[in-house]
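Notes to accompany the following structure.
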Amino acid sequence: MLVAVGLVIGVILGLVVQPTIPAGLQPYLPIAIVAALDAMFGALRAYLDEVFSDRVFITSFIFNVLIAAFIVFLGDQLGVGSQMTTAVVVVLGIRIFANAAAIRRHIFKA
Amino acid sequence: MWDRVRVLLRPRLSRTQVVVAFLVALVGFSAATQIQQDEADSLSSLSQTELVRLLDEIGTRIDDLSAERDSLRADLAQLRNDVTSQEAARAAAEEQLMVRSVQAGVVPVHGPGIVVTVEDPRGAVRAQSLVTLIEELRNAGAEAIQLNSVRISTTSWVSQTDDGIEVDGLSTSPPYRVSAIGSPDALSVALEMPGGVLSAIRATGATTTLQELDDVRIEAVRVLPDLVHARVVEPDEEG
Numbered sequence: 278m279l280v281a282v283g284l285v286i287g288v289i290l291g292l293v294v295q296p297t298i299p300a301g302l303q304p305y306l307p308i309a310i311v312a313a314l315d316a317m318f319g320a321l322r323a324y325l326d327e328v329f330s331d332r333v334f335i336t337s338f339i340f341n342v343l344i345a346a347f348i349v350f351l352g353d354q355l356g357v358g359s360q361m362t363t364a365v366v367v368v369l370g371i372r373i374f375a376n377a378a379a380i381r382r383h384i385f386k387a
Numbered sequence: 257m258w259d260r261v262r263v264l265l266r267p268r269l270s271r272t273q274v275v276v277a278f279l280v281a282l283v284g285f286s287a288a289t290q291i292q293q294d295e296a297d298s299l300s301s302l303s304q305t306e307l308v309r310l311l312d313e314i315g316t317r318i319d320d321l322s323a324e325r326d327s328l329r330a331d332l333a334q335l336r337n338d339v340t341s342q343e344a345a346r347a348a349a350e351e352q353l354m355v356r357s358v359q360a361g362v363v364p365v366h367g368p369g370i371v372v373t374v375e376d377p378r379g380a381v382r383a384q385s386l387v388t389l390i391e392e393l394r395n396a397g398a399e400a401i402q403l404n405s406v407r408i409s410t411t412s413w414v415s416q417t418d419d420g421i422e423v424d425g426l427s428t429s430p431p432y433r434v435s436a437i438g439s440p441d442a443l444s445v446a447l448e449m450p451g452g453v454l455s456a457i458r459a460t461g462a463t464t465t466l467q468e469l470d471d472v473r474i475e476a477v478r479v480l481p482d483l484v485h486a487r488v489v490e491p492d493e494e495g
């Protein structure tokens, strides 16, 4: 419950405050968001699988975000930034779909 | 299963719950910000490589459009040039048409010139004298000549018949009135010179009067004859 409230508050804050993203952070924020989404779907699936752990969620969330951003940063340094972004998004997207499928099976039994 | 979902939605307050809520709020915040950013400025989210590629594409497009503009300008200049030369050609053709019409005697003309009247009650003036008169006028630069009611042109002829004088097939009788357009001074000098055509005509007993006028009207016109024999040589026939 508190999680849903947090999500709503975050979105509203973002819409109201409309902060400017620092230029240095701009290429990494979208990737960080996708990584965070992945972590959230993973957490929901783990919860429904009854193996959810707060510790695992918090660490995986932070690590996923940082590693995704770091990979893209590395790609930028190597001159393959856009390809690396695509690669990360593809991998995370596959994971999100897999998690979503697991969640769907839990909820609809199908 | 639905029990667990219900449990999930039940409000609880623990440290981890707060931390998770904070993280999720952070995600929502970032996502909202990012979406706004994308809407505000799509270029700033592009990477350096993409920007360079975009710049290249725009540069190529500019080059293409510049080339197209240059070629269109060249076309326009070409067309304008064509129009100008066509207008020049038409003006020259109209000028030519006017000159030839005057020379062929198919249009009425007026201008400075002289009028010579030859009074010849006894019929002593011969056709040869009139031919000489016309030739002298032509020599002096007359641009149009009329003898009584006949316009004199390149093909005009004067002949002596038993009944008198014929000009271009029309019988003519005295007094002979010759109008000519040209420089009045030159024309009168040519006719009046000692031993010239007018003194020869006067020698036969006729009287002549010569008027220099600022505006002589020559109203008589000729009908162009149909060409029966002559054909224009086409340029490719010449070689």
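Those protein sequence lines, which keep their order, are chains A and B. Numbering of the first sequence is given in the working numbering, commencing with residue 278 and proceeding in unit increments. Numbering of the second sequence is given in the working numbering, commencing with residue 257 and proceeding in unit increments. Note that CB positions come from ideal geometry on N, CA and C, so glycine has one too.
Inter-residue CB distance, residue i and residue j (contact presumed, cutoff 8 Å)
| i | j | result |
| --- | --- | --- |
| Gln-290/B | Pro-304/A | Actually they are not in contact, since the Cβ atoms of Gln-290/B and Pro-304/A sit about 11 Å apart, beyond 8 Å. |
| Val-283/B | Met-317/A | 7 Å |
| Arg-433/B | Val-371/B | 7 Å |
| Ala-277/B | Gly-283/A | 3 Å |
| Ala-419/B | Val-406/B | Checking the sequence, you will find Asp at residue 419/B rather than Ala. Their Cβ separation, rounded to whole angstroms, is 16 Å, which puts Asp-419/B and Val-406/B out of contact at 8 Å. |
| Glu-391/B | Pro-430/B | The Cβ separation is near 20 Å, so there is no contact. |
| Leu-466/B | Ala-436/B | That belief does not hold up - the Cβ atoms of Leu-466/B and Ala-436/B are roughly 10 Å apart, past 8 Å. |
| Gly-361/B | Gly-397/B | With 8 Å as the limit, Gly-361/B and Gly-397/B do not qualify as a contact, their Cβ atoms being about 16 Å apart. |
| Thr-428/B | Leu-389/B | Contact doesn't hold; Cβ gap of about 13 Å is too wide. |
| Ala-309/A | Val-342/A | 5 Å |
| Gln-295/A | Gln-292/B | 6 Å |
| Phe-250/A | Leu-279/B | This structure cannot settle anything about residue 250/A, because the visible part of chain A is limited to 278 through 387. |
| Leu-369/A | Ala-281/A | So it is not a contact: roughly 22 Å between Cβ atoms. |
| Gln-359/B | Thr-410/B | 7 Å |
| Phe-570/B | Leu-290/A | It is not possible to answer for residue 570/B, since the shown part of chain B is limited to 257 through 495. |
Same chain, Cβ closer than 8 Å to residue i, neighbours up to 5 away in sequence not counted
| i | result |
| --- | --- |
| His-383/A | Arg-322, Leu-325, Asp-326 |
| Leu-469/B | Pro-368, Gly-369, Ile-370, Val-371, Pro-440 |
7 Å CB neighbourhood of residue i in its chain, flanking five on each side removed
| i | result |
| --- | --- |
| Glu-363/B | The amino acid at residue 363/B is misidentified as Glu; the sequence shows Val. Counting only Cβ-Cβ distances below 7 Å, and skipping sequence neighbours, we find Ser-357, Val-477. |
| Ala-320/A | Phe-329, Phe-334 |
| Gln-416/B | Arg-382, Ala-383 |
| Glu-475/B | Pro-364 |
| Ile-457/B | Val-374, Val-381, Ser-385, Thr-464 |
| Leu-314/A | Ile-373 |
Proximity test, residue i beta-carbon vs the ligand SAM heavy atom, cut-off 6 Å
| i | result |
| --- | --- |
| Phe-340/A | As for the ligand SAM, it is missing from this structure, which has no ligand bound. |
According to DSSP, residues forming a beta bridge with residue i
| i | result |
| --- | --- |
| Ser-427/B | Glu-422/B |
| Arg-497/B | Because chain B in this structure spans residues 257 to 495, residue 497/B falls outside the shown range and cannot be described. |
| Thr-465/B | Thr-373/B |
| Arg-473/B | His-366/B |
| Ile-437/B | Gly-369/B, Ala-400/B |
| Thr-417/B | Gly-420/B |
| Tyr-432/B | Val-374/B |
Neighbourhood of residue i by C-beta distance below 6 Å, restricted to the same chain and skipping five residues each side
| i | result |
| --- | --- |
| Val-387/B | Val-414 |
| Val-367/A | none |
| Gly-352/A | Gly-358, Met-361 |
| Ala-333/B | none |
Contacts that residue i makes with chain C (C-beta to C-beta distance below 8 Å)
| i | result |
| --- | --- |
| Val-308/B | Looking at the structure shown, chain C is missing, and the protein chains on hand are A and B. |
Could you check whether the region 460-470 of chain B touches the region 379-392 of chain B, counting it as contact only if at least three pairs of C-beta atoms, one from each stretch, sit closer than 8 Å? yes
Could you check whether the region 347-354 of chain A touches the region 272-282 of chain B, counting it as contact only if at least three pairs of C-beta atoms, one from each stretch, sit closer than 8 Å? no
Does the region 327-342 of chain B come close enough to the region 444-461 of chain B that 3 or more CB-CB pairs lie under 8 Å? no
Is the region 304-322 of chain B touching the region 353-360 of chain A in the sense that three or more CB pairs, one from each, lie closer than 8 Å? yes
Quick one: complete alpha helix (DSSP H) runs, 4+ long, within the region 330-415 of chain B? 383-395
I want to know whether the region 310-322 of chain B touches the region 436-443 of chain B - three or more CB-CB distances under 8 Å. no
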